[in-house]
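Student: In case it helps, the numbering used here puts the sequence shown at residues 771 to 933.
All C-beta atoms in this analysis are idealised placements derived from N, C-alpha and C, irrespective of residue type, glycine included.
Note that the structure is predicted; figures quoted are calculated from it, not measured.
After the C-alpha cells below, expect a handful of questions from me.
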Amino acid sequence: QGVLFCKSILHEFAVKTKAEQPTYSADHPEGVSPMPLFVSSVLFAGNTYTGEAATCKKDAEQKAARVAVKSILATKNTCMHQIVRSKKELIIAITSSGFNKERGVVSQENCNAPTNAITPIKFVPAGEAAGLTADQGATNVPEDDPCAQAVSGSEKRKKHRKV
C-alpha cells in the first residue's frame with residue numbers, strides 16, 4: 771500500500787493502545803544526490819524505525835511511519851490490522867470518487883457524469899393544487915413572480931410599529 775496515511779495510522783494506533791505519540795526526526799544527508807533528499811526516523815514504543823529517502827520532509831516522515839506500521843503488522847497485532855483496514859476502505863472511497871491528491875479536486879470525468887434528472891416545481895394558483903401528480907412537466911413556469919408577493923420580516927415589523 772501507499773504511504774499516504776501512515777502517520778495517521780501510527781497516531782491512531784498510539785491513541786488506541788494508550789502508547790506515547792510517535793516522535794519524528796528528519797536528516798538531510800549532504801552530497802547524496804543533486805536533488806535535496808530527506809531521511810526520517812520515527813521513535814515509537816521504544817523502537818526507532820528509519821524510512822527510505824524522499825524529496826521532502828513530509829514524505830520522508832510518512833515513509834518512516836510506514837516502516838513502523840509494517841513492523842507492527844508483522845506481529846499480527848489485531849488493533850493495527852483494524853486501523854489499516856479502515857484506512858484502506860477510506861482510500862478506496864476517495865479514489866473511486868475521482869479525488870486526485872496532486873490537484874486536490876475531484877476529476878472532471880466524474881463531474882461531467884450524468885446525474886438523475888430533476889423535475890422543476892410547477893407553480894399553480896392555490897385553487898388548482900388538488901389535482902397535481904408526481905410528473906409535473908418541465909414547461910410550466912409561474913406567470914407572476916412568487917417572490918414579489920413575499921413580505922420581508924423587516925416590513926412586517928415596520929407595520930406593527932406604526933399601529
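#1: Go to L860, then tell me how far its beta strand (DSSP E) extends in each direction, as first and last residue.
#2: Counting Cβ pairs, one atom from each stretch, are 3 or more of them under 8 Å apart for the region 794-809 and the region 849-862?
#3: Since V934 sits in a beta bridge, which residues does DSSP pair it with?
#4: Going by the DSSP bridge assignment, what does T845 pair with across the sheet?
#5: Between which two residues does the beta strand (DSSP E) containing T818 stretch?
#6: Give me whichever residues DSSP pairs with F814 in a beta bridge.
#7: Alpha carbon to alpha carbon, what distance is there between S811 and A830?
#8: Quick one: what's got a C-beta closer than 6 Å to T885's C-beta in the same chain, skipping five residues either side?
Tutor: Taking the coordinates as given:
#1: Where L860 is concerned, there is no enclosing beta strand (DSSP E), although the alpha helix (DSSP H) it sits in stretches over 848-866.
#2: no
#3: This structure does not reach residue 934, given that the chain is present from 771 up to 933, and the question cannot be answered.
#4: Paired residue(s): none; T845 is not in a bridge.
#5: 817-820
#6: N817
#7: 8 Å
#8: Low confidence applies here, because T885 scores a pLDDT of 47, under 50, leaving its location unreliable and the question unanswered by this model.
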